[in-house]
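In our numbering, the protein residues as written are 23 to 640.
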Ligand code: ADP
Ligand code: MG
């Protein structure tokens, strides 16, 4: 297996060692770091003070995008066009975030509960990948201005609990920002590296990484031996963090002022102002005992002692998660050699004392808790650049491997730079009623359309029992061994029908050709993404049209003539947008159709329709 360096600017394989940057793409804050004279440093903004870039994107107009501190200021004045916490939406469906929607100041589309979240800003629809790419572009620009040279290679961190789709989404965001993402690294691993844990090849240690950020809590138990990190267990809560401390403070203030939370929260600008006021109070209380403010006539007073009472249940939750993580790793607190504190919320004194008390050991909090992950990412990048010889480099796949899905899209199953050997499985379904054969075409490469990638082989899964579209459950497994042989297995799980082939993934491709494929993918990332967005919108619309037509037939008795007529007209309008080239028009037509038929579907409660819409079509 290969390790290739490319020079994006010149389109050649790199000979000189270029800077590889480390990026912490956070829910609340992001930052970029690199190795300067042997030490990891986080890059500061123009004022020379801040290293954190708030992970906030503001659209003044579709072409005027602002990221970071200036975007944060717009949270109050223009909440509808200001997107925050987008990492929470990466790879998520509407259903996943439904309960928290009242806390978002912007519009998350409620199309159908199964499909991935999109965000509407004015007449435009954005995916979390595009919005994350905006943040990454800001970080790339920041470091380029600071270094006075272009950078193109990066290591990006993700939470240990991120699944395949979420990791792939992060890679795609990097590509869209013009970055060659050499590796996706777990945040707790990066944090440990920042403390130098794992850099000594003789060390054999067990580490607890306690990461309390703005939106998420993550406890990871890691074991390090011979410089290799193994995740023994993880636990945590995707919806627990400093934001919840802020909410607790807002609720407390509203109660003190005899105000109704629900009513006040309807006013998006006021609720944002309260949120920011509460955050300020919380941060001040990390170093002082009391805080006072007034927000649009609402008095906000809080002491450290009252704050501790408010957050005690939340901190207790994190300790319970620590206990569970230890249990899963079959360890006790005595087995832990180091406790690494990560995330801005670990500055809260109560958090520090409770964690130290639970583990009965001093915690590592010497480094800036909101920088450690980026610093560690930079160290990992340095290792990948070959500058730290002590650390073992594992075999990796040089190019992504995947299959063709509806519309000629590449669906990556094993991502580029994945460790070898590797085994990944994913479920698919059919797109046509009664489909008995399914063609599985295997491709290698980084482009979004399979026609731009290398075809490695194909086979047909035969004998699927006839079922309505969307019902078969077809599992496709990619098993890549150390010799670069890829075994592809397909199995229809309801009937047990299966088929497999072996493919030589490396065969007949030189390092130069691989490098060219990588460069092409980054240079075409924007165009590819637009094509993908259009095709995905069309696929989604076609599914909805299919379900909509069935819906009218199945529920002829339930629907009034007027309702049938309107539904048909909306379906026709959607069909017309599908014939066009404008993804935003398709999304808008889908939204309108769903808004109208949603209540009708509720009435009909047609389970078959819901079932028919499940799964990704192939
Ligand atoms: P994420 O990893 O989610 O991007 P960070 O690690 O940057 O988040 O942490 C952000 C959170 O840390 C926010 O909720 C912020 O209010 C909180 N925070 C930052 N500084 C302090 C402080 N001095 N005291 C308490 N909380 C803080
Ligand atoms: Mg973080």
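No residue lacks a Cβ here, since even glycine has one placed at the ideal position from N, Cα and C.
- Pairwise C-beta distances place the region 241-251 in contact with the region 226-233, as three or more of them are shorter than 8 Å.
- If you check the CB distance, residue 401 and residue 138 do not come in under 7 Å.
- Here residue 532 carries a coil assignment [DSSP, helix/strand/coil].
- Less than 7 Å divides the Cβ of residue 105 from the Cβ of residue 79.
- Contact holds between the region 581-592 and the region 610-624, because three or more Cβ pairs, one in each stretch, are under 8 Å apart.
- Scanning the region 53-113 for uninterrupted alpha helix (DSSP H) segments of 4 residues or longer gives 91-99, listed from N- to C-terminal end.
- By the CB criterion at 7 Å, residue 347 and residue 257 fall inside the cutoff.
- Within the same chain, Cβ atoms closer than 6 Å to the Cβ of residue 324 are found at 303, 313, the five residues on either side in sequence being excluded.
- Boundaries of the beta strand (DSSP E) harbouring residue 44: 42-46, taken from the DSSP string.
- In this structure residue 368 is not in contact with residue 238, their Cβ atoms being roughly 13 Å apart against a cut-off of 8 Å.
- Around residue 219, the same chain offers 225, 227, 229, 246, 360, 362 as residues with beta carbons nearer than 8 Å, after the five sequence neighbours per side are excluded.
- Within the region 318-406, the complete beta strand (DSSP E) runs of at least 3 residues fall at 320-325, 360-364.
- According to the DSSP assignment, residue 431 belongs to the beta strand (DSSP E) that extends over 431-436.
- For residue 398, the shortest C-beta to heavy atom distance toward ligand 2 is 6 Å or greater.
- Residue 537 carries a helical assignment under DSSP once its states are collapsed to helix, strand and coil.
- Shortest Cα-Cα distance from residue 625 to any of 574, 201, 457, 537 involves 574.
- Sequence-distant partners of residue 283 (beyond 5 residues in either direction) whose C-beta falls short of 7 Å from its own C-beta, in its chain, are 273, 276.
- Setting aside the 5 residues that flank it on each side, residue 496 is surrounded in the same chain by 449, 450, 451, 452, 460, 483, 486, 512, 513, 514, 515, 640, each with a C-beta closer than 8 Å to its C-beta; the list follows chain order.
- Assignment of residue 128 by DSSP, reduced to helix, strand and coil, places it in the coil class.
- No Cβ-Cβ contact shorter than 7 Å links residue 480 with residue 491.
- For residue 365, the shortest separation between its Cβ and any heavy atom of ligand 2 lies below 6 Å.
- Ranking 551, 602, 586 by CA distance to the CA of residue 198 puts 551 first.
- Look at the beta carbons and you see the region 393-408 touching the region 56-68: at least three pairs across the two are nearer than 8 Å.
- By the criterion of a C-beta distance shorter than 6 Å, residue 355 is surrounded in its chain by 381, 382, once the five residues flanking it on both sides are discounted.
- Taking C-alpha positions only, residue 110 is separated from residue 260 by approximately 8 Å.
- The alpha-carbon separation between residue 393 and residue 466 amounts to approximately 36 Å.
- Secondary structure of residue 229 (DSSP, three-state): strand.
- Annotation: residue 421 is outside any alpha helix (DSSP H) and is labelled neither H nor E by DSSP.
- With 16 or more other Cβ atoms inside 10 Å of its own Cβ, residue 149 counts as buried.
- Put simply, the backbone Cα of residue 190 is about 42 Å away from that of residue 581.
- When distances are taken from the beta-carbon of residue 585 to the heavy atoms of ligand 1, even the shortest one reaches 6 Å or more.
- Assigned with DSSP and collapsed to three states, residue 618 falls in helix.
- The criterion of a C-beta distance shorter than 7 Å is satisfied by residue 195 and residue 151.
- Just measuring C-alpha positions, the residue of 43, 385, 145 sitting nearest residue 82 is 145.
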